[in-house]
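Heads up, the working numbering is the position in the sequence shown plus 5, with the first residue counted as 1.
The beta carbon of each residue, even a glycine, is placed where N, CA and C say it ideally should be.
Written below as structure tokens is the structure these notes are about.
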Amino acid sequence: MKNQSSLSRRLCLAAFLLSTAPLLAACAAQATPPQAVAPESHTITVVGRGEIRAKPDVARAQMGIEVMAPTVNEATKLAAARMTEVLAALRNAGIADKDIQTSNYSIQLVRQADMPPWMAPPQPLAAPAPAAVSAPAVAPAAPAGRAAPAGRGPKPAPPPAQKPPPPDLAPAQPAPPAHFYQVSNTVMVVIRNLDQVGAVLDAAVAAGANNVWGISFGLDKTDPLEAQAREKAIADARARAEALARLQGVSLGRVVAISEIVDNGPIYAARTMASAAYGGDMATPVSPGEVSFGTQVKVVYALENAPASPRK
């Protein structure tokens, strides 16, 4: 009896375990967290670009002087005097002191052997050697036995002319200096009245400026253009994302992330033309053209109705 009773209890326990196994398995399945899906598998990333064009309202130019002299003292004094005249001419042309900024000042030793011929300062010319004086022709003597007419006798021979000194006794000319000192002084000038750009360049050149370059046109305040370019960049990003999503048969959702690309700064370019007239009454022609301001934005969109991954 005892053995039968123990066997019955074992059979009941086994039946109970068999009946509760599916329920335990279901609970275990619910307790297991679902596998996470990478968020980038349901997003699309695009870069939008926006560009605005406008007329410039300010011009900038590098201008200055460059002189050469045998000594540092001579070169610096000459450069200071000439640059003082250039700065005075700029101020007389209406340029404010805040718009004149020194951008370069340098003193450089230039050796005569390394200097191109067109760059060397002019050397004093050697004094010409005195020309030899030729003795005047002597009248022929009267024939023998015949008296010479009164007042027509042979003239006395003039004293011999002085011969020029031999070359080794000529006054020695000073040898050209072995090197020169080159002094450069340059300022960055901001011209706010574009109608006066040519007149300012001419005034600086007339005062002694012999280096003028880097003329560019731009905008003094770029905030309004920045805002317009950013709006165009956002619209461009949306259009690109919609086109890509349409090709994949999905639709765009909400914006997940957005950032402005500022690694290289805004796209800023100026179309300019300038040429200097250094003589005559013709003014320097300058054409401001137009400037463009651009920016880029990176936008990440969520995708809706994402297609299933392709079967292997």
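Beta-carbon gap between residue i and residue j smaller than 8 angstroms
i: residue 67; j: residue 219; result: yes
i: residue 261; j: residue 306; result: yes
i: residue 115; j: residue 197; result: no
i: residue 238; j: residue 57; result: no
i: residue 193; j: residue 111; result: no
i: residue 70; j: residue 80; result: no
i: residue 230; j: residue 293; result: no
i: residue 104; j: residue 195; result: yes
i: residue 59; j: residue 224; result: yes
i: residue 308; j: residue 252; result: no
i: residue 191; j: residue 298; result: no
i: residue 184; j: residue 117; result: yes
i: residue 65; j: residue 221; result: yes
Beta-carbon separation (whole angstroms), residue i vs residue j, contact threshold 8 angstroms
i: residue 61; j: residue 296; result: 5 angstroms
i: residue 302; j: residue 265; result: 5 angstroms
i: residue 245; j: residue 53; result: 6 angstroms
i: residue 356; j: residue 87; result: No answer is possible for residue 356: it lies beyond the span of the chain, which begins at 6 and ends at 317.
i: residue 291; j: residue 203; result: 5 angstroms
i: residue 49; j: residue 250; result: 6 angstroms
i: residue 201; j: residue 99; result: 6 angstroms
i: residue 51; j: residue 242; result: 5 angstroms
Three-state secondary structure assigned by DSSP to residue i
i: residue 249; result: helix
i: residue 320; result: Coverage of the chain is limited to positions 6 through 317, which leaves residue 320 absent and any answer about it impossible.
i: residue 239; result: helix
i: residue 303; result: strand
i: residue 71; result: strand
i: residue 55; result: strand
i: residue 197; result: coil
i: residue 281; result: Residue placement at residue 281 cannot be trusted, given a pLDDT of 39 that sits under 50; what the coordinates show is reported in the next sentence. Three-state result, residue 281: coil.
i: residue 297; result: strand
i: residue 97; result: helix
i: residue 107; result: strand
i: residue 290; result: coil
i: residue 167; result: coil
i: residue 80; result: helix
i: residue 262; result: strand
i: residue 64; result: strand
i: residue 308; result: strand
Test: residue i CB closer than 8 angstroms to a CB of chain C
i: residue 59; result: Chain labels in this structure do not include chain C; a single protein chain is all it has.
*Mind the definition here: the stretch 94–103 touches the stretch 205–213 only if three or more C-beta pairs lie below 8 angstroms; say whether that holds.*
yes
*Kindly provide the ranges of any beta strand (DSSP E) runs that are 3 or more residues long and lie completely inside the stretch 199–234, ordered along the chain.*
216–223
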